[in-house]
Structure formats: C-alpha cells, structure tokens
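Protein chains in written order, with my numbering: chain A, 1 to 534; chain B, 535 to 881.
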C-alpha cells in the first residue's frame, strides 16, 4: 500500500505534466521552434459561435441538372433527326422523366430506334400505339441509374466549384464537405462580410450570350405578346442620383449562342476613361473560334451578356472579335467586380443551389460570449471552491485541488482530440465543475459516516472510498450515456457540449477518485495523522 | 460544518401521497398548457424561419423598429428586446417559411440603417429552412428517446442483474419503432408510443428500478418543458442539449439513492421496505443537498452572467436541478415502493 503510494504519485504527476504539455499550444501563439519538432501542436479550436463565422447547409437542386441534361439531349436529337432526314411533329422534354417525340412516318420509328440504340443508350424506348394520321409517338425515358449518375455528378461538381470559389475568396480554414443527399455543409470561420460570401457561394453563375430580338417591340412583349422563340429578361439598373434600383426589360432570342464554359480566365480591370471596374474574359481556343464565328455572323446586331438570367449589358457588335476576349461592364463596385471574376473563373454550378440553413455569428458577439462564459465560470468556480473549504475543511481543499486539475484535464483533453470549444461547451465545463465535486461529496459523506461509527481515519478512508466508488461509477456511466447520445445526434455547438461533458466525466473520475486518494493516503496512512479534517 | 445532522429521520416516503398530488398536478398543468398553446414553442431550429440579432447604437422601443421595416415579411416579424446590458439589442424573428429567407438579414440591416443611421450591426443570424427544421426535430426526439432507452437498459442490468431481460426489452422496442416507422407514424407519436411500450415492458418484465428512473426522467423533462411554455421560451437545439443534461443529472441523483436502497436492503433484511427506503433517502440527503447546491451555484452564475445567448440553456438546467433533486426523492423511490406493495405477495 505504502510502496505503491509513490507509484501512484508518479502516475498522477505524469498525467498533470502531460496535460500541461498538451495545453501549452492553446495558451500561447509563439512556441519556441524546438517545441514543434517533438511536442504536440494541436490547439483548442473555437467554434463558430465563439470566434464568429458562418455555417451554411446548401442543397444542390440536382433535378435541375437532370432537366438541363435532357434539354441538351433534345437539341442533339433534333440535330440527328435533321441529319438522318427523319421528320417529326413534336420533340420535347418531359419533366425530368425523359423525352417525348412524335414522328410522322411509321417507317421512321424503326430507323429512330436504331439511332437511339447507338447514340442514346441511357434511355429506355417505348412506342405507344399511333395517335392518328402521321402521329407515331416515341417515348424515351431516362434510366434511373443514369439519372442517379447525373445527380451525383452535379453534386460533386457543385462541391468542387464552391471549394474553388471559397479558396479564391480567401477564407482561412474553410470547411466544405458533402452531406447526405445532395447537401453541402460549409463552415467559414471569422468571415467579415457574410452577405457577400453568401452571394458568392450561392450564385449559379451561368453566363450566356444571346442576341437581342430587334425585330419585335419590347413594350408589346412586356404587355404579354412575347413572340415565339424570344423571352424577356431584365437588367437591374441603379440610378446614380437617387440610388434607386430599376429594371429595364430586354427582349432576347431564347437560343443561347455561347455559354461561360469556355472561359479560361476572368480579371477585374479598371476602365481608363471613367475609372469604373469591369471584368475581362478570356476564352480557350474553341471558345475563341466560336466567339469569332458568332460576331462575324451578327455584325451590327446587339449581343446581350446574361448571367443567371440577368442582363448585364447588350453592346452592338461593331466588328468581328477574334482573339477570344470579351468584357462585362456594368456599374460595379470593385468588390462586386472581384466577386464576379471569381465566380466566372471557378465556373458555373451545374444546378442552382438552395440555402437550407444559415447560421452567422458576428465576431463581436463571439468575443462577448467567451468573456461572459469565462467570467461566470470563474465566479461560480471560486464560490464553489470557497464553499468546499468552509464545509469540509482540509478535505475540501483536497477536493478543490481535484477540481482545478479537472479543469486542466478538460482543456488539454479538448486540445488533444482537436475538439471544438463552443458556447454550450463552456456551459458544459461550468456544469462539470458543479458535478465534479459530487464525486468528492459522495466520498466525504461516506468517510464521515464511517468516522461516526468510530473507525480510525485510515479505516474510514478505506471504507469511504470503496463504498462510494460503486455509486460514482454508476452515476457517471449514465451521464456518459446521455453525452454519447448527444454527440451522435448533435451538430456544431451541441456536439461541442457533448465532447466537453464526456471529457469532464472521465477527468472527474480520475481527479476526484484517484488523485484525492493519494493525498489522503499520504496524510493519514503514511504520516499517521490522528485527527481528520473533513 | 454540517447542514444535515447525522441520524436525521424525515419521513419522506410517508409523504409520498402529497408529492404524487403535486407531481401529477404539475404534469397535468404542463400538458394543459401545451394543448392550449398548440404544442411546444419551437425555435427556428425546429420550426424553420429566421432569427436575427441586431444591435443599434441606442435603445428604441420595439414598435419603432417594426415601423422602420418596409417589406411585408419583416412587418410580420416578431421583435423582442434582448440582452441585459444597454438594452440596444433586439431579436427579429420571422416564422413564415414559405418566403425566401436567404436575403432577410441584409434586408433588416439596410432597412434599419435607413431609419436609424449607420450604427446597425447584425450580430447573429440563424436561418433554418422548413425541411432542415423537420429533420432536426426528428433527430432531437430520437436523441432523447435513445438516451432514455440506453439508460433503462443500463439500470436494469446494474441494479437487478437482468441484462438478458433488458436486452429483450431493447430488441422488442426496436421492433416496435421499426414497424411504426414503416407504417408511417409521425415522429412525435412514434416517440410517445415507444415510451409507452418501454414503460409497459418494464412493467411486464418487472424491471422496477428502470421503471422508477424512467418515470422520474419523463417527469423532470416534462416539467421543464412546462416551465418553458409558461415563461414563453423557445425550444432550440441547445435546449435539447440541456434536456439531455437534465436527464443525466437527475439520473445521477436517482442512482445515488437507488444504490443506497440496494445496499440497505441487503443490510437490514428484517426491516420493512418502507423503512429501508426512508433510511436510504435520509442517509443520502446531505449529499443530495450539497451537490445540488454546488451545481446551483455555478448554474446561477451562468444564468446571471453568461449573456443572452446562453440564458435559456441556463434556465433549463436551473429548473432541471430543482426538479431532478425533488424527483429522485419523491418520485423515483416511491414508485419502487408502490411496485413492491403490489407484487410483494407474489414473490
């Protein structure tokens, strides 16, 4: 018993030392260089609710990706039918199910079947009975597997695009990861301008070049007489004098001549004449050729630059543009132009995203929370410390030592696991302070009972510990179960709370049972003090 | 120093009828309050919507803030003063979920700064879409349910050495939940059903300790929910964390008492169960009061000084400590006794 007292003291000191080593990186920013080569560097992470930042959950509307995929297929089929000389009445997308086609000659049905078997293997063909003279319907339905594939691809691509955008926006330690379904979780710590980040991430950034329909009247179209093959899109305009925003309608041809997929680079430049920022685009070789062809065929017409169905500008094509350069002007602020350049460089999202969840905490509120949390912890803690000494005397002081060590262990445990300290986590720590003394209270009450039975200090301590330990174990296991369940279901702050609580339970068992016993054994077994202060 | 003199013998068990009346009244009041209010007051985490915490340069009455809004969505929002220091912080809540929620915080900022100048600061935004809110609500209910289930298993195993029985219980419960979720029962009813089945199984398998502990837990969480409804506080994700903490804490108390009862039942074979129980509660009384006191000290500190964001969390724990200590003495233990009376002759 006495011999292993030294051993136990050794283990305890080792644990304390280890805890201090693990905690050090969290306390100071400038560690000596030799530290990082041998000793741990993990520090306690602060949750978004303490350091400020943004938490987002997005959903990629992958069904839209299926739709646009089918639209493309419709265009391809149109092209193929023309090439093969097959005549048709109708050809259109049917929701996200597939494509519906009505052929004019019965003989063409088989010809088309052959074509489809070769070029459109992702579709299941069915031919319902003819609907009348020269009406031979063909139904092409998209395979479920192919649909899954398109949706998964859209989600993956969206994740990648968003990563690129965030990287270029410049956030330190962003956390972007896929969630179940088509969801994406984004955590941006310490972000200063959440609205801007939101705008940057959530923008589909589909860049399209379309011709302005100059044969028809815009006003008539706005009243409802939109000519077939054309559509009305708006340009948002800010009046420089009043600051009010207005919308200018444009009548555009529906057909997209070119999209932003050929963009290789986008940069902010400053107009030398007006000093206004604009975005200059560079296309790759294919894009440059395409752009040259488009401008060649339409000299003198107006070409609209459309981003996410908003018209940015619609300049008149003065001459053929070769070399693969274009520019987007508008009344941008420098930030807006910069963000636009980022999204154009990172590319369009394959489908729009929807914000399902947003939580933003400003940096000042985070700081407030830390200050208030620690203030209440210190005040509450000090009162408990004093109370224990008043109530239990010397034994209370031993319990206080255990309590302080307990806090040390929780902190270094958080650093060890690279866990995140959140506001509920601080609350969990405060709660653990209250509950950590419970183990000591249980032991001390038992020792008092044993003393009342007339046992000498040594036997009383022995009995007190061995009887209390069963209860402490049972009580801690149940709280631990609650903490584990919390960890399993919780996200963010709640998870931080569960981690703190779990570490606290283990730490309190070590400090309140193992470490206090060393002190008691030293005082009353080795030193043989006859009066016990409890 | 001693609060409780040794050898004290208060007849707790004898007053169990008074306690039962009190507990039942509180629970009935809670249920009535919840029915009257049309269910618990879920925060944006569970109901979906937006909560925006905004700080102005000086205090204004909430009505003035509402008047500053021009868009119809914000006009229909709920505005509350928040925080304790200068009184210049407000919560703007939008409960509607059928509108575009994403740009609302920017709208709040721009509309308020048009009226009150540039000192407007958005300190916190919590936007939860309806689908996520539904998901979170399901997860939270399941979390509470699983916590209670696992604890029931542990208690039955530890106190009555009926590990096999408790595993039977867990399996049959898993079956019930599985079947019910296939049939498509809504989660709230699913959980109520599962709790009823758990209690029924405890009864059927004669797991009396687990039954007492679980009833005490339901009692505690129920009353805290009632306190929330009464004070018009919202149940958010962190409040669910508080509930689970209360579950852990209250159980801690209950187990200390149960442990003593188990120990004393072996020691005093001659005495009646009622006497043993009273002795056990009295012997642990000093500890019950002390631990509640130290925990109360820190939680009160958190409640008073912790700031607005953590206020409701601290409130839940505060009520939970009172109710938890009460229930381990007056609810969990008497249930054991009622049980013993009923089944004593068959044993």
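Positions of the beta carbon are idealized from the N, C-alpha and C atoms, including for glycine.
To the nearest angstrom, report how far apart residue i and residue j are at their CA atoms.
i	j	result
residue 736 of chain B	residue 744 of chain B	7 Å
residue 324 of chain A	residue 350 of chain A	24 Å
residue 550 of chain B	residue 752 of chain B	18 Å
residue 305 of chain A	residue 257 of chain A	10 Å
residue 644 of chain B	residue 274 of chain A	28 Å
residue 881 of chain B	residue 746 of chain B	Confidence in residue 881 of chain B is poor, its pLDDT being 42 and thus under 50, which makes the residue's placement unreliable; the coordinate value appears in the next sentence. Roughly 19 Å between the two C-alpha positions.
residue 489 of chain A	residue 818 of chain B	34 Å
residue 559 of chain B	residue 198 of chain A	50 Å
residue 829 of chain B	residue 716 of chain B	43 Å
residue 571 of chain B	residue 268 of chain A	56 Å
residue 609 of chain B	residue 270 of chain A	41 Å
residue 757 of chain B	residue 764 of chain B	10 Å
residue 547 of chain B	residue 812 of chain B	6 Å
residue 235 of chain A	residue 247 of chain A	6 Å
residue 879 of chain B	residue 563 of chain B	Its pLDDT being 48, under 50, residue 879 of chain B is placed unreliably by the model, and nothing is read from it.
residue 726 of chain B	residue 714 of chain B	11 Å
residue 425 of chain A	residue 591 of chain B	31 Å
Can you pull the DSSP bridge partners for residue i?
i	result
residue 310 of chain A	A:234, A:307
residue 420 of chain A	A:45
residue 580 of chain A	With chain A represented from 1 up to 534, any question about residue 580 of chain A goes unanswered, as that position is not in the structure.
residue 137 of chain A	A:102
residue 249 of chain A	A:234
residue 661 of chain B	A:358, B:584
residue 259 of chain A	A:208
residue 325 of chain A	A:282
residue 269 of chain A	A:278
residue 625 of chain B	B:587, B:614
residue 33 of chain A	Paired residue(s): none; residue 33 of chain A is not in a bridge.
residue 183 of chain A	A:59
Where does the unbroken beta strand (DSSP E) through residue i begin, and where does it stop?
i	result
residue 584 of chain B	583 to 589
residue 595 of chain B	Residue 595 of chain B -> no beta strand (DSSP E), and no H or E assigned at all.
residue 123 of chain A	123 to 126
residue 773 of chain B	Counting along the chain, residue 773 of chain B falls outside any beta strand (DSSP E), though it belongs to the alpha helix (DSSP H) covering 771 to 801.
residue 53 of chain A	53 to 60
residue 616 of chain B	612 to 616
residue 94 of chain A	88 to 94
residue 178 of chain A	175 to 178
Among the options, which one has its Cα closest to the Cα of residue i?
i	options	result
residue 5 of chain A	A:525, A:257, A:534	A:525
residue 692 of chain B	B:634, B:784, B:770, B:790	B:790
residue 663 of chain B	B:637, B:647, B:642, B:688	B:637
residue 446 of chain A	A:454, A:464, A:430, A:452	A:464
residue 348 of chain A	A:529, A:203, A:393	A:203
residue 370 of chain A	A:73, A:429, A:528, A:188	A:429
residue 562 of chain A	A:71, A:304, A:295	Outside the modelled stretch of chain A, which goes from 1 to 534, sits residue 562 of chain A, for which no answer is possible.
residue 211 of chain A	A:229, A:99, A:450, A:172	A:229
residue 340 of chain A	A:359, A:312, A:322	A:312
residue 79 of chain A	A:112, A:439, A:68	A:112
residue 56 of chain A	A:521, A:162, A:494	A:162
residue 614 of chain B	B:588, B:631, B:602, B:807	B:588
residue 345 of chain A	A:169, A:110, A:175, A:254	A:169
residue 687 of chain B	A:481, A:534, A:502, A:506	A:481
residue 63 of chain A	A:178, A:153, A:462	A:153
residue 577 of chain B	B:607, B:762, B:539, B:841	B:762
Return yes when the Cβ of residue j is within less than 9 Å of the Cβ of residue i, no when it is not.
i	j	result
residue 403 of chain A	residue 500 of chain A	no
residue 555 of chain B	residue 635 of chain B	no
residue 641 of chain B	residue 580 of chain B	no
residue 612 of chain B	residue 626 of chain B	yes
residue 233 of chain A	residue 310 of chain A	yes
residue 136 of chain A	residue 105 of chain A	yes
residue 500 of chain B	residue 864 of chain B	Limits of chain B in this structure are 535 at one end and 881 at the other, which puts residue 500 of chain B out of reach.
With respect to the alpha helix (DSSP H) encompassing residue i, which residues constitute its N-terminal and C-terminal limits?
i	result
residue 254 of chain A	Careful: residue 254 of chain A lies outside any alpha helix (DSSP H) and carries neither H nor E.
residue 712 of chain B	697 to 717
residue 191 of chain A	Unbroken run through residue 191 of chain A: none, as it is neither H nor E.
residue 385 of chain A	363 to 392
residue 338 of chain A	334 to 346
residue 516 of chain A	516 to 520
By the criterion of Cβ-Cβ separation under 7 Å, what are the contact partners of residue i in chain C?
i	result
residue 380 of chain A	Among the chains of the structure shown, chain C does not appear; the protein chains present are A and B.
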